[in-house]
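Structure first, commentary second.
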Amino acid sequence: MAIKKGGPEDGTTSPMRPLPGGARMYPETDIPSFSLTGEEWQAIVDNLPMSDDDRKARMQQFDISQDQASQILARQLDDVYIDHISDLPHKGLATLILENDTANPQLLANVL
-3 MAIKKGGPED GTTSPMRPLP GGARMYPETD IPSFSLTGEE WQAIVDNLPM
47 SDDDRKARMQ QFDISQDQAS QILARQLDDV YIDHISDLPH KGLATLILEN
97 DTANPQLLAN VL
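At position 111 of the sequence shown the residue is numbered 107 (this note's numbering), and the sequence of numbers has no breaks.
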């Protein structure tokens, strides 16, 4: 006598157990729940970081190449760049920041 588990006679396969879903997920019991007021929630929403699209759009206002802008964004140096650009040459500062990303940005800005 042969015993087969879960193998339909037509040769197809199917999972023997249902995949985990929301019904199988349990709340964390070691962490107490808490509620947010509308003001607390709004404070969180107001302080969210910029989206990648917003950061990219912000970099497009400067006269730098697409490659430089992409590298600055990828290394998350866009805030440093914008904080120090003022009336400096855009491409020059971008090059200095990308080639010396561990240096003090104010020192780099003073070079220009």
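Glycine included, every Cβ here is placed at the ideal spot set by N, Cα and C. All of these numbers come straight from a predicted model, not from anything done at the bench.
| task | Indicate the three-state DSSP secondary structure (helix, strand or coil) for THR91 in the structure shown. | result | One-based indexing of the sequence shown puts residue 91 at position 95. THR91: helix per DSSP, three-state reduction.
| field | Neighbour-count burial assignment, ILE27, 16 or more Cβ in a 10 Å radius | value | Here residue 27 refers to the residue found at position 31 of the sequence shown. Its Cβ having fewer than 16 others within 10 Å, ILE27 is exposed.
| For GLU95 and ALA105, the rounded distance between their alpha carbons | Position 109 of the sequence shown, counted from the first residue, corresponds to residue 105. Position 99 of the sequence shown, counted from the first residue, corresponds to residue 95. Answer to the nearest angstrom: the Cα atoms are 13 angstroms apart.
| Neighbourhood of LEU92 by C-beta distance below 6 angstroms, restricted to the same chain and skipping five residues each side | Start at 1 with the first residue of the sequence shown, and residue 92 comes out as number 96. Counting only Cβ-Cβ distances below 6 angstroms, and skipping sequence neighbours, we find LEU104.
| message | Suppose contacts are defined by Cβ-Cβ distances below 8 angstroms. Is LEU69 in contact with PRO85 by that definition? | response | Position 73 of the sequence shown, counted from the first residue, corresponds to residue 69. Position 89 of the sequence shown, counted from the first residue, corresponds to residue 85. For the pair LEU69 and PRO85, the CB atoms are not nearer than the 8 angstroms cut-off.
| Where GLU35 sits in the DSSP three-state scheme | Within the sequence shown, numbered from 1, the residue matching residue 35 stands at position 39. DSSP places GLU35 in helix when its eight states are reduced to three.
| Buried/exposed call for ALA99, threshold 16 Cβ in 10 Å | On the sequence shown, residue 99 is found 103 positions in, with the first residue counted as 1. The residue in question, ALA99, is exposed, as its Cβ has fewer than 16 Cβ neighbours within 10 Å.
| Three-state secondary structure (DSSP) of ASP83 | Along the sequence shown, one-based indexing puts residue 83 at 87. Correct three-state label for ASP83: coil.
| field | Secondary structure of ASP6, DSSP reduced to three states | value | Residue 6 sits at position 10 when you count from the first residue of the sequence shown. Coil.
| field | Buried or exposed (CB count within 10 angstroms, at least 16 for buried), MET55 | value | As a first step, residue 55 is located in the sequence shown; it is residue number 59 there, counting from the start. MET55 should be labelled buried.
| request: Since I believe LEU89 is in contact with ILE81 (beta carbons under 8 angstroms), could you give me their beta-carbon distance rounded to a whole number of angstroms? | output: Against the sequence shown, residue 81 aligns to sequence position 85. Against the sequence shown, residue 89 aligns to sequence position 93. So it is a contact: roughly 6 angstroms between Cβ atoms.
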